[in-house]
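Counting in the working numbering, the sequence shown runs from 473 upward without gaps. In what follows, a single structure is set out as C-alpha cells and then discussed.
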Amino acid sequence: MVEYVPAKSIVNRVQNGWFGVDYNMNIYRGCSHGCIYCDSRSDCYRIDRFDQVRVKEDALRIIRDDLRRKVKKGVVATGSMSDPYNPLERDLQLTRHALELLSAYEFGAAIATKSDLILRDVDVLQEIRKISPVLCKMTVTTCDDELCRRVEPHVSVSSARFAALEKLSAGGIFTGILMMPVLPFLEDTPENVLGIIDRAAHAGVRFIYPAFGMTMRQNQREWYLSKLQELFPEDGLRERYERRYPYQYQCVSDRAKPLWKLFTARCDEKGILYKMPDIIRAYRLGYEDNQLKFY
Ligand code: SF4
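Structural data, given as C-alpha cells:
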C-alpha cells in the first residue's frame with residue numbers, strides 16, 4: 473500500500489544550484505534502491521525508514537501551484553535524496569506528470585536517476601527541450617554488473633544504464649554520468665574509470681562528473697561498514713576502511729590524483745566534458761533567448 477506524507481510546497485528555489493539549476497523538486501521521500509553507500513541515509517537529513525518510499529500527498533496540484541506562482545522560469549532539478557524513478561513511479565507516474573507540468577509552464581528539467589524507467593518519459597523530455605534546457609544524469613560507479621548488483625542492489629545494473637543513456641542521447645537529450653562515489657578499494661581502479669569513460673563515449677554521453685572517493689557520516693557510515701562486512705567478508709574490506717578512514721567525512725581514494733590524470737586525458741581524447749562551467753554552458757546552449765527570460 474502506498475504511504476502518503478503531507479507537503480506544503482514541492483518546487484523550491486535553490487541558490488547556486490548544482491549544475492546551475494534554479495529549483496529543486498522531490499515528489500518522493502526515501503528510496504528503495506538500496507545503494508550501500510547512500511549519503512541520504514545520514515542522520516543529518518532526518519529521514520526515518522529511509523528504504524521505504526513515501527509519496528507527497530496531492531503532489532501534482534502542489535507542483536502546479538508552485539510553478540504558477542514562480543516569477544522566474546528556470547531549470548527544475550529532481551533526484552536528490554530520492555530517485556524519481558523508484559518502483560512506485562511505474563504505476564503512479566507522478567514524475568511523468570510533473571514533467572508534463574514543467575513542459576506546460578515552460579520550465580527546464582534536470583533529472584538524476586539510476587533507473588532505466590526514465591526511458592518511458594523520453595517523449596515528455598523531448599517536448600520540454602523544444603523550449604527549455606533538459607539534462608539527464610545517470611549515476612554509474614562501476615562498469616562491472618556483478619559488483620553493481622552488490623553495491624546498488626535494487627535498481628538497473630550499469631549495462632542497462634549505459635543502454636538507457638544511449639537511447640536518451642539518440643533521442644536528442646543532453647546526457648551525462650555522475651561517476652560518484654568511486655568507492656575506495658572497490659571501484660578506484662584505472663580499469664573501472666577508463667571502462668566507464670569508454671562506454672559513456674559509445675553511448676553518446678556528453679559529460680562525466682566524477683568524485684574519486686566517498687563520504688561517510690553518522691548512521692550512513694555504520695550502515696556502509698556493516699554492508700561491506702556482509703557482502704565482502706573474505707576481503708576484510710571493513711577493516712581496511714576502519715584503518716584508512718577512522719573518522720573522516722570526506723574519504724578520498726588514495727589513487728585520486730593518478731585517476732584524475734587518467735580520467736581527464738581519456739575524456740579529452742573522447743570529447744567528453746567534465747568541468748562544471750563547460751557542462752552548464754553546453755546544456756543551455758541554444759536556449760539563450762529563453763534564458764534572458766529565465767535567468
Ligand atoms: S538511488 Fe540514490 S537515493 Fe536511492 S539509495 Fe541509491 S544513492 Fe540513495
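Where a beta carbon is used, it is the ideal one built from N, C-alpha and C, also for glycine.
Three-way DSSP call (helix, strand, coil) for residue i in this model
i, result
"Arg501", "strand"
"Arg715", "helix"
"Gln720", "coil"
"Tyr767", "In this prediction, Tyr767 has a pLDDT of 46, which is less than 50 and means its spatial position is unreliable; what the coordinates show is noted afterwards. It is coil, neither helix nor strand."
"Gly685", "strand"
"Cys620", "helix"
"Lys699", "helix"
"Gly506", "coil"
"Met473", "coil"
"Tyr517", "helix"
"Tyr557", "coil"
"Tyr755", "helix"
"Val591", "Note on identity: in this sequence residue 591 is Leu, with Val being the wrong assignment. Helix."
"Phe735", "helix"
Proximity below 8 Å, CB of residue i to CB of residue j
i, j, result
"Val594", "Gly648", "no"
"Asn488", "Ala549", "no"
"Arg568", "Arg592", "yes"
"Val606", "Gly580", "yes"
"Glu475", "Arg518", "no"
Bridge partners - residue i, DSSP secondary structure assignment
i, result
"Phe679", "Gly648 and Leu745"
"Val606", "Ala581"
"Thr611", "Leu650"
"Tyr495", "Arg485 and Val548"
Beta carbon proximity, residue i to chain D, threshold 8 Å
i, result
"Leu734", "Given the protein chain composition of this structure (a single chain), no chain D is represented."
Residue i, enclosing beta strand (DSSP E) - first and last residue
i, result
"Val665", "Taken as a continuous stretch (DSSP letters only), Val665 belongs to no beta strand (DSSP E), being part of the alpha helix (DSSP H) at Pro662 to His674."
"Val527", "Arg526 to Lys528"
"Thr550", "Val547 to Thr550"
"Ala581", "Gly580 to Thr585"
"Arg485", "Val483 to Arg485"
Run of the alpha helix (DSSP H) containing residue i, from where it starts to where it stops
i, result
"Arg727", "From DSSP, Arg727 is part of no alpha helix (DSSP H); its letter is neither H nor E."
"Leu573", "Leu566 to Ala576"
"Asp537", "Ala531 to Arg541"
"Gln598", "Val594 to Arg601"
"Glu638", "Ser630 to Ala642"
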